[in-house]
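J.:
Protein chains: 2
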Amino acid sequence: MDIAQLAEKVIAGDRRALARAVTLVESRRADHRAMTAELMERLRGAGREAVRIGLSGTPGVGKSTFIESFGMMLTGQGLRVAVLAVDPSSARSGGSILGDKTRMERLSRDPKAFIRPSPAQSQLGGVARRSREAVALCEAAGFDVVLVETVGVGQSETVVAEMTDLFVLLLAPAGGDELQGVKRGIMEMADLILVNKADGALRETATRTRADYAGALRLLRKRPQDPEGFPKAMTVSAVEEAGLPEAWETMTELVGWRRAQGHFARNRADQARYWFREEVRHGLLARLDEPDAKARMAALADRVAQGEAAPAAAAQEMLESLGKG
Amino acid sequence: MDIAQLAEKVIAGDRRALARAVTLVESRRADHRAMTAELMERLRGAGREAVRIGLSGTPGVGKSTFIESFGMMLTGQGLRVAVLAVDPSSARSGGSILGDKTRMERLSRDPKAFIRPSPAQSQLGGVARRSREAVALCEAAGFDVVLVETVGVGQSETVVAEMTDLFVLLLAPAGGDELQGVKRGIMEMADLILVNKADGALRETATRTRADYAGALRLLRKRPQDPEGFPKAMTVSAVEEAGLPEAWETMTELVGWRRAQGHFARNRADQARYWFREEVRHGLLARLDEPDAKARMAALADRVAQGEAAPAAAAQEMLESLGKG
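From first to last, the protein sequence lines stand for chains A and B. In this text, residue positions in the first sequence follow our numbering: the first is 286, and each later residue adds one. In this text, residue positions in the second sequence follow our numbering: the first is 286, and each later residue adds one.
#1: Going by Cα to Cα distance, which pick from A:Leu422, A:Glu473, A:Glu418 is closest to threonine 443 of chain A?
#2: Does the distance from the C-beta atom of leucine 477 of chain A to that of threonine 535 of chain A stay below 8 Å?
#3: Within this structure, are the beta carbons of threonine 520 of chain A and arginine 544 of chain A separated by less than 8 Å?
#4: How about threonine 343 of chain B and valine 433 of chain B: do their beta carbons lie closer than 8 Å?
#5: Look up arginine 337 of chain B in the DSSP assignment and give the residues it is bridged to.
#6: Taking all protein chains shown into account, do 16 or more other C-beta atoms lie within 10 angstroms of the C-beta of threonine 387 of chain A, making it buried, or fewer, making it exposed?
#7: Can you check DSSP and say which residues form a bridge with isoleucine 400 of chain B?
#8: Suppose you measure from the CA of alanine 611 of chain B to the CA of proline 512 of chain B; what does that come to, to the nearest Å?
#9: So, does the CB of valine 521 of chain A fall closer than 8 Å to a CB anywhere in chain B?
#10: Using a Cβ cut-off of 9 Å, pull out every chain A residue sitting near threonine 321 of chain B, in sequence order please.
#11: Answer yes or no: does any C-beta atom of chain B fall closer than 8 Å to that of alanine 590 of chain A?
#12: Mind checking which residues open and close the beta strand (DSSP E) that includes leucine 392 of chain B?
#13: Looking at the C-beta of serine 378 of chain A, does it have a partner C-beta in chain B at a distance below 8 Å?
#14: Give me the residue from B:Arg553, B:Ala523, B:Arg318 with the minimum Cα distance to alanine 597 of chain A.
#15: Hey, which unbroken runs of the alpha helix (DSSP H) at 4 residues or more fall wholly within the stretch 562 to 610 of chain A?
#16: Assess, as a yes-or-no matter, whether the stretch 572 to 580 of chain A is touched by the stretch 304 to 316 of chain B under the definition of 3 or more beta carbon pairs within less than 8 Å.
#17: Would you check if there are 3 or more beta carbon pairs closer than 8 Å linking the stretch 333 to 353 of chain B to the stretch 387 to 396 of chain B?
#18: For a contact meaning CB atoms closer than 8 Å, what does valine 565 of chain A contact in chain B?
#19: Nearest by alpha-carbon distance to leucine 364 of chain A: which of A:Val371, A:Gly345, A:Ser341, A:Val336 is it?
#20: Could you name the residues that DSSP lists as bridge partners for serine 522 of chain B?
#21: Label arginine 506 of chain A either buried or exposed according to how many other C-beta atoms from any shown protein chain fall within 10 Å of its C-beta, with 16 as the threshold for buried.
#22: Apart from the five residues just before and just after aspartate 299 of chain A, which ones in its own chain have a Cβ nearer than 7 Å to its Cβ?
#23: Closer than 9 Å by beta-carbon distance: list the chain A residues that pair up with leucine 570 of chain B, in chain order.
#24: Taking C-beta pairs closer than 8 Å, name the residues in chain B that threonine 418 of chain A reaches, listed in chain order.
#25: In chain B, which residues lie less than 7 Å from methionine 325 of chain A when you measure between Cβ atoms?
#26: Using the Cα positions of methionine 603 of chain B and methionine 320 of chain A, report the straight-line distance between them to the nearest angstrom.
#27: Among residues of its own chain, excluding the 5 on either side of histidine 567 of chain B, which ones have a beta-carbon nearer than 6 Å to its beta-carbon?
#28: So the candidates are A:Leu569, A:Leu585, A:Met582, A:Trp533; which of them puts its Cα closest to the Cα of leucine 340 of chain A?
#29: Measure the CB-CB distance between leucine 529 of chain B and phenylalanine 355 of chain B and report whether it falls below 8 Å.
#30: Can you find a C-beta in chain B that's less than 8 Å from the C-beta of glycine 411 of chain A?
#31: In whole angstroms, give me the CA-to-CA distance for leucine 328 of chain B and alanine 322 of chain B.
#32: Does the beta carbon of phenylalanine 561 of chain B sit closer than 8 Å to a beta carbon anywhere in chain A?
#33: From the DSSP output, in three-state form, read off valine 295 of chain A for me.
#34: For leucine 585 of chain B, which residues in chain A fall below 8 Å Cβ to Cβ?
#35: Quick one: what does DSSP say valine 444 of chain B is sitting in, helix, strand or coil?
#36: Just grab the DSSP bridge partners of leucine 479 of chain B for me.
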């Protein structure tokens, strides 16, 4: 594969080249990893900057419908939109594939949109590293907005927050002020809470739910990277396509403020450091999966299990065989 | 330090040598780690086998009082008892130091007992690796029972279960059947649930709580390593020293059955594999903390943060500098 040519085509906005590049990035083959590194290095200079939005919500809050409506609204404004997914489990979440095109039929046919489901991998860490590079690919390809969808109980939200500029939590209207079991950690991550389904019989409940969350958000400490009034809670209706322009306006307001204050660039720099360290740690541990090392590990583990060596001594032997640092 | 001599003294039951050995094992210095590996290798052949008991319970269940009473009961039967602690946080748990001698005054003066508080470290993984070796030290020193105390919300229980032969969960009597917010994962780990404070005004509540947990345990799938009737729930009173011989009898019954069925040895072998792998992974990642590597990491992270290199390419450069596997 000619990486220089692939990079050029991605930058030129060639969708098929982008799809091929994402496939390359998602591959676990060692030679593909090296090609990915070269590709990312070539795309680094494209000098494009998308708004990267993390979006989380448990199954049933209408995430697919929201992404479709919100995405169509953005493309209607002339913006190009990419949708990626970080699936925290190898088993698909709640029976649906995150980023499933059949659930966003209109958006997936929109020439200004690019939708990519989560890669099938067994480890969240692996999925996340690859997704982060896919985000950078879409950015280099000239997309204005990159939506990274996830669903989980905290861990996947954390890694998605490490690859996005702002984090949106989508919720369903709920009776009372039970706060839907949303973990405090996820609440603290959210820049914007959108209570969906503010339509028909649920409209009032949605309004109340919004007020409950707005109250809960006020109890959280204001973050230095937030302007007055953030984090914020709003209502939307994905099916009636209501509140979506206001939500987008709120997002751009926040991003604009952060850009002006330098928080935006600082956050991206911190994220780059984070992923660099993750890549190094993962690459180092991956040496244990190379065929030779794997065989030595297995043999030593057997000796340890049979009581012929203590774990620490066997580990030292293994580490020496891996070469000195 | 003469490691051969230290090993001999530990095996001979010299308490001061044991304390020195535990200190060595807990050290993070690279030369101490090498000495530890040699020490553990020398002790491996001592051929002694203690009953290793993991003990968990949230603050307020009377853990220290239980350990004191239970330990005194065991030493009263002529058994030698070691008490170690795995503290999941660098900040001490619930205001008390796990394994604090001042809270187990009688036991700490007992010549047949050895109490060691949790080492102060910031990472659970580090504490756990060292504690596991301290358990093996106590075993080699001829202790019949090694109690490993912890308190946590799951993670610390998991690592303690990886270094013990059976797991005991200590609970307080509670009204209703609320099950005290004990996580399902910890319940599933427990071989024996002891409802403490079955005395005075709480006696009846304790009896009811025991029944509730016995019911909950019946809903869990029976494990192949368990005889009929296990996992089990019992009541004890640490202050009245009631139910303790019965609890110990139940533990020895379980251990005896597992020994006879081969589960005991199989579990120890699996644990040894686990700790070997943990040592290797940790040792590999520790290379990033060596001064040279640390400086290179910092310099590359700066370049990545300034947008002069993509994370993957910088990671590859770092990995190459660490030598090939």
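Glycine residues also receive a C-beta, built at the ideal position from the N, C-alpha and C atoms. In this text the structure is predicted, and so the values were computed from the model without any measurement.
T.: Taking the structure as given:
#1: Residue mapping note: residue 443 of chain A aligns to position 158 of the first sequence, counting from 1. The residue from A:Leu422, A:Glu473, A:Glu418 with its alpha-carbon nearest to that of threonine 443 of chain A is A:Glu473.
#2: In the first sequence, counting from the first residue as 1, residue 477 of chain A sits at position 192. In the first sequence, counting from the first residue as 1, residue 535 of chain A sits at position 250. Cβ atoms of leucine 477 of chain A and threonine 535 of chain A: closer than 8 Å.
#3: Numbered from 1 along the first sequence, position 235 holds the residue referred to as residue 520 of chain A. Numbered from 1 along the first sequence, position 259 holds the residue referred to as residue 544 of chain A. With respect to the 8 Å criterion, threonine 520 of chain A and arginine 544 of chain A are not classified as neighbours on the basis of their beta carbons.
#4: Position 58 of the second sequence holds residue 343 of chain B. Position 148 of the second sequence holds residue 433 of chain B. Result no, Cβ atoms of threonine 343 of chain B and valine 433 of chain B do not sit closer than 8 Å.
#5: Translated into the one-based positions of the second sequence, residue 337 of chain B becomes position 52. According to DSSP, arginine 337 of chain B bridges with B:Val431.
#6: Counting from 1 along the first sequence, the entry for residue 387 of chain A is found at position 102. The residue in question, threonine 387 of chain A, is exposed, as its Cβ has fewer than 16 Cβ neighbours within 10 Å.
#7: Locating residue 400 of chain B in the second sequence gives position 115, where the first residue counts as 1. In DSSP, isoleucine 400 of chain B forms a bridge with B:Val368.
#8: Outside the shown range of chain B, which is 286 to 610, sits residue 611 of chain B, and nothing can be said about it.
#9: Residue mapping note: residue 521 of chain A aligns to position 236 of the first sequence, counting from 1. Closer than 8 Å: no.
#10: By one-based count along the second sequence, residue 321 of chain B stands at place 36. In chain order: Ala597.
#11: In the first sequence, counting from the first residue as 1, residue 590 of chain A sits at position 305. Answer yes: the Cβ-Cβ gap between alanine 590 of chain A and chain B drops below 8 Å somewhere.
#12: One-based indexing of the second sequence puts residue 392 of chain B at position 107. DSSP places leucine 392 of chain B outside any beta strand (DSSP E); the residue lies instead in the alpha helix (DSSP H), whose first and last residues are 390 to 394.
#13: The count along the first sequence starts at 1 and reaches residue 378 of chain A at position 93. Any reading at serine 378 of chain A must be qualified, since the residue scores a pLDDT of 46, below 50, and its modelled position is unreliable; the value itself is stated next. By this cut-off, serine 378 of chain A is not an interface position.
#14: Here residue 597 of chain A refers to the residue found at position 312 when the first sequence is read from its first residue. Ranking B:Arg553, B:Ala523, B:Arg318 by Cα distance to alanine 597 of chain A puts B:Arg318 first.
#15: Runs found: 576 to 590, 596 to 606.
#16: Because the criterion of three Cβ pairs below 8 Å is not met, the stretch 304 to 316 of chain B and the stretch 572 to 580 of chain A do not touch.
#17: With a cut-off of 8 Å, the stretch 387 to 396 of chain B and the stretch 333 to 353 of chain B count as touching, because enough Cβ pairs lie within range.
#18: If you number the first sequence from 1, residue 565 of chain A lands on position 280. The contacting residues are Leu573, Met582, Ala600, Met603, Leu604.
#19: Here residue 364 of chain A corresponds to residue number 79 of the first sequence, with the count starting at 1. Relative to the Cα of leucine 364 of chain A, the nearest Cα in the group A:Val371, A:Gly345, A:Ser341, A:Val336 belongs to A:Val336.
#20: By one-based count along the second sequence, residue 522 of chain B stands at place 237. Under DSSP, serine 522 of chain B shares a beta bridge with B:Ala527.
#21: Start at 1 with the first residue of the first sequence, and residue 506 of chain A comes out as number 221. Arginine 506 of chain A is exposed by the Cβ-count criterion.
#22: For this step, residue 299 of chain A is matched to residue 14 along the first sequence. So no residue of the chain qualifies.
#23: Along the second sequence, read from residue 1 onward, the residue named residue 570 of chain B stands at position 285. Correct list: Arg566, Leu569, Leu570.
#24: As a position in the first sequence, residue 418 of chain A is number 133, starting the count at 1. The amino acid at residue 418 of chain A is misidentified as threonine; the sequence shows glutamate. The contacting residues are Ala597.
#25: Here residue 325 of chain A refers to the residue found at position 40 when the first sequence is read from its first residue. Simply Ala595, Ala597, Ala598.
#26: For the purposes of this step, residue 603 of chain B is taken as the residue at position 318 of the second sequence. For the purposes of this step, residue 320 of chain A is taken as the residue at position 35 of the first sequence. Between methionine 603 of chain B and methionine 320 of chain A, the C-alpha separation is close to 17 Å.
#27: Translated into positions along the second sequence, residue 567 of chain B becomes position 282. Contacts found: none.
#28: Reading the first sequence from its first residue, position 55 is the one you call residue 340 of chain A. The option with the nearest alpha carbon to leucine 340 of chain A is A:Trp533.
#29: Residue mapping note: residue 529 of chain B aligns to position 244 of the second sequence, counting from 1. Residue mapping note: residue 355 of chain B aligns to position 70 of the second sequence, counting from 1. The Cβ atoms of leucine 529 of chain B and phenylalanine 355 of chain B sit closer than 8 Å to each other.
#30: Residue 411 of chain A sits at position 126 when you count from the first residue of the first sequence. Contact of glycine 411 of chain A with chain B is not assigned, every C-beta pair being separated by 8 Å or more.
#31: The count along the second sequence starts at 1 and reaches residue 328 of chain B at position 43. The count along the second sequence starts at 1 and reaches residue 322 of chain B at position 37. Each residue's Cα considered, the two are about 10 Å apart.
#32: As a first step, residue 561 of chain B is located in the second sequence; it is residue number 276 there, counting from the start. The beta carbon of phenylalanine 561 of chain B falls within 8 Å of a beta carbon belonging to chain A, placing the residue at that interface.
#33: Start at 1 with the first residue of the first sequence, and residue 295 of chain A comes out as number 10. In this structure, valine 295 of chain A counts as helix in the three-state DSSP scheme.
#34: The residue labelled residue 585 of chain B in the question sits at position 300 within the second sequence. Against chain A, a Cβ distance below 8 Å from leucine 585 of chain B picks out Phe561.
#35: As a working note, residue 444 of chain B is residue 159 in the second sequence. Residue state, collapsed to three classes: helix.
#36: Against the second sequence, residue 479 of chain B aligns to sequence position 194. DSSP, once it has assigned bridges, lists B:Leu455, B:Met519 as partnering leucine 479 of chain B.
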